Structures are given as structure tokens and as C-alpha cells.
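Here is the structure we will look at, set down as C-alpha cells.
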Amino acid sequence: MLLNAPPTARNMLIPTSGVRPSGKLKTQDNMQIIDLRSDTVTKPTPGMREAMMNAAVGDDVIDIDPTVVELQEHIAGLLGKEAAIFMPSGTMTNQIALRVHCTPGDEFICEAGCHIYNYEQGAFAQLSGLVAKTIAGQNGLLDLDQLRGSVRPDNEHTVRTRLLCLENTHNRGAGKIYSLSRIQALCNWAHVEGLITHLDGARLFNASVATGVSLQAYSEPFESVSVCFSKGLGAPVGSCLAGSREFIAKARRARKLFGGGMRQIGILAAGALYALKHQMERLVVDHENARLLAHAVCQCESLSLSDKVPDTNIVIFHVANEWGTAAQFSSSLKQHGVLSLPFGPQSVRLVTHLDVCRNQIENACEAIISVAQTPAN
Ligand SMILES: *Cc1c(COP(=O)(O)O)cnc(C)c1O
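Residue 471 in the numbering used here sits at position 376 of the sequence shown; the count goes up by one each step and never skips.
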């Protein structure tokens, strides 16, 4: 029964629960929907579709697909790693990284709100026999002082602490960016302790475009890096895992084991290549739009933000109990044509992306202010 549990306040923390279609809340006919649930809702642009249609392809399981090879080499170069491998999802790249780096009975350290721990069904435990040690950071970011003393002593009572995993930008931390110096300090500590380091860089492109720090510089302190093309970059499918040649060869074996061996994937790889070449620099527009949304939220007495100015493209605001719940706020926004995601009992997430323009953002700001003035309670 548990497997089919309906949405409740408890499982509302799962982001997808907010996207369940609701029969009760129909927006008015011909109202243009502004979809701010996630940056994964983007549709392939005409140029991307054309690149996908014309992609050279081959069977990447029997031998190789030429376009996916081009993508893998391109992303490995951008991240400054020896090699990279394409996979269908960021969940798979993260989980295969953990599996290849660790052995059953190992433990990895991660931030308590991270994607790997919260939104991947504990696959590290289910599929690879690993344990997570979570440490609550500030807006998703860990501090060196919190890590000191967190490696277990080497004796037969304990699991072996093996790896440190960071997330940049941090999703539940409202798109927070780790500074390069903090990453270097944390990874340096990990390496001195004999730990391996993995970066969940699903939105690393946002961090790089926002700060001007290169993808390579952000990736350098990590043995492996996972990136997603289906978030702000706007490709329909795909992630890459990058690292040493030896590591990627092992990841390729694990990908087959996990059912991720794919045939003529040049069609998908072409979308990702197009996104990297034509849709990365424009992420600054999404960041500017997120600042406009945050500014509107700040004008509302019943709403609050932990950071008044978002680092990147995610805004997570708190709804005062006096107003009502996050689910009620999200429903009211929907009646104004704005889709959002309840991200906790009292918090709502908005994400800007390629498929929402400035004008729509301005309309969304008006909707937020208008909804905030009319408490549900
Ligand atoms: C989206 C995301 C992933 C991967 O999710 P998939 O849906 O499996 O592609 C991993 N980490 C973070 C931080 C994400 O936001």
C-alpha cells in the first residue's frame, strides 16, 4: 500500500508530487500558462530539433555512436577531465559514480538536503550497499568546520568513510553557488583524509555562467563530476559523468548493469551538444528573471526568502502560517496561470528557464503579489 500512497504533507517534500494534475483547479480558457515548476520543463528549440534530426548515429552498445563520442569528448574537455560518458539521467550518473568509487559497506558524506540523498530513492543503498552520512549545511552548503572529525575510525565496528559528495548549485538550497575557494578547502580536507570527491553538478553551468568561474576550475578538485543537459540548458534528455579514463571505463560497465546501455543515442547527444554551444550563455537571463521574482516575493508581508537575491535560477520562499499552506499558495498561483512547486509544508519553489520570457516573469510577479494579499485562511 505504501508504494501507492496518495500525496500527503509528509511526502510533499518529493518534488514531483506537486505536479500531479488536479481536477479541481482549472485555469481560465486561453490563459497563457507560465510554468515555473522546474527548468526541466523546457522543450527543444527549433535549432536543437534540426541538429537532432541531422545527427550521425551508430549502435553505441555494439561499438560506438559518433555523435555521442563527440559530446563525451566535448564535455570532458569543458570539465577538464580525461573522459566522459553519456547516461539517460543525473540519477544514473550520480549513482554509478558512487558505485564505482565505493564498495559495499562504505559510507559517503553529503549535505542533508542534497539530491543524491533525498531524490534518488536511496539507490546507493538499494543498488550498491552504501550508507550516507548527512550533515545539514546552510542553504545546502557545507562548511569546513562541520566536516572535521566526520571520518570514522578504521575498525571492525564501523562502516568505512570513503567519499565526500558536494552539490553545485544546490537545488534545495535555492540554487546556491559554492565559491571556488570553499570547494577547494572542502576537497582538500577530503583528500588529506584519504577520501574521494564527487560533484553533483546537475546545474554547474548556472554556477559557472553566474560567477565567471570556468567549468574546469569548478571541477578540478573532484575525481568525478556529473552534469545535466536537461535542466537549464534545455536539452530533452541526458547527463554526463566525467573523470579519469580508468574510472569512465568502469562506469561504462556499470551503465550496462543498470540498464543504461543505449543504441542510436546520437539523436539525444546532438540535442545536448546544441545546448552546450547555443544555450549556455543565455542562463544569465534566467538568473536576472529569478531576481525579479525574488524582488516581488520580498514585497509581500506573508512571504519570506532566506536570500533576498538568488544566486542563480531558483527561488524558494516561505509562506507564513497566517496566510495558509504552500499547497494552497501554489493552487492560488495556478488560478492566475502560474505553475509552481510546493517544496515543503510552507515553502514554494519557482525556477526560471529558457521557455519563460521577461514579460511572463513580470506577469508572474503580479500574480505572486496579488495571491499574497488574499490569505487562504
Ligand atoms: C535534477 C537533478 C539531478 C538528476 O536528476 P534526473 O532527474 O535523474 O536527471 C541530480 N542532482 C540535482 C541537484 C538535480 O537537480
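Backbone N, C-alpha and C fix where the C-beta goes; we use that ideal spot for every residue, glycine too. All values reported here derive from a predicted model rather than from experimental measurement.
| Check | Outcome |
| --- | --- |
| Buried versus exposed, by CB contacts within 10 Å (16 or more), Asp-134 | buried |
| Any non-hydrogen atom of ligand 1 within 7 Å of Arg-194 CB | no |
| Inter-residue Cα distance where the pair is Asp-156 and Ala-280 | Per the sequence shown, residue 156 should be read as Val rather than Asp. Going from the Cα of Val-156 to the Cα of Ala-280 covers about 40 Å. |
| Closest residue to Asn-266 among Ile-463, Cys-452 and Val-446 (Cα-Cα distance) | Val-446 |
| Beta carbon proximity, Phe-438 to chain D, threshold 8 Å | Absent from the structure is chain D; it holds one protein chain and no more. |
| Span of the beta strand (DSSP E) around Thr-292 | 291-296 |
| Straight-line Cα distance separating Asp-406 from Ser-397 | 22 Å |
| Cys-282: first and last residue of the uninterrupted alpha helix (DSSP H) it sits in | 275-287 |
| For Ser-442: DSSP bridge partner residues | His-413 and Gly-439 |
| Heavy atom of ligand 1 within 7 Å of His-210 beta-carbon | yes |
| For Pro-139 and Glu-168, the rounded distance between their alpha carbons | 22 Å |
| Length of the line joining the Cα atoms of Cys-282 and Ala-218 | 24 Å |
| Contact test: Cys-205 Cβ vs ligand 1 heavy atom, cutoff 7 Å | no |
| Residues near Pro-101 in its chain [Cβ-Cβ closer than 7 Å; skip 5 each side] | Its pLDDT being 40, under 50, Pro-101 is placed unreliably by the model, and the measurement read from it follows with that caveat. So the list is empty, once near-sequence residues are dropped. |
| C-beta contact flag for His-293 and Leu-193 at 8 Å | yes |
| Among Glu-206, Gln-216 and His-252, nearest to Asp-238 - alpha-carbon criterion | Glu-206 |
| Opening and closing residue of the beta strand (DSSP E) in which Met-182 lies | 178-182 |
| Glu-341 classed as buried or exposed, judged by whether at least 16 other C-beta atoms fall within 10 angstroms | exposed |
| Inter-residue Cα distance where the pair is Glu-288 and Val-246 | 8 Å |
| Element boundaries [alpha helix (DSSP H), containing Leu-368] | 361-373 |
| Same chain, Cβ closer than 7 Å to Ala-389, neighbours up to 5 away in sequence not counted | Leu-400, Lys-403, Val-404, Pro-405 and Val-410 |
| Length of the line joining the Cα atoms of Arg-144 and Met-182 | 20 Å |
| Secondary structure of Phe-317, DSSP reduced to three states | coil |
| Cys-197, buried or exposed, once every other Cβ within 10 Å from all chains shown has been counted against 16 | buried |
| Those residues which DSSP pairs with Leu-236 across a bridge | Gln-233 |
| Paired residues, beta bridge with Val-226 - DSSP | Glu-202 |
| Proximity test, Asn-408 beta-carbon vs ligand 1 heavy atom, cut-off 7 Å | no |
| C-alpha distance - Ile-81 paired with Leu-363, whole-angstrom precision | Residue 81 is absent from the structure shown; the chain starts at 96 and stops at 472. |
| Any non-hydrogen atom of ligand 1 within 7 Å of Cys-323 CB | yes |
| Local conformation of Arg-350 per DSSP, three classes | helix |
| Environment of Thr-95 [buried if 16+ CB atoms lie within 10 Å] | Look at the range of the chain in this structure, 96 to 472, and you will see that residue 95 is not part of it. |
| Local Cβ density within 10 Å of Asn-149, reported as buried at 16 or more and exposed below that | exposed |
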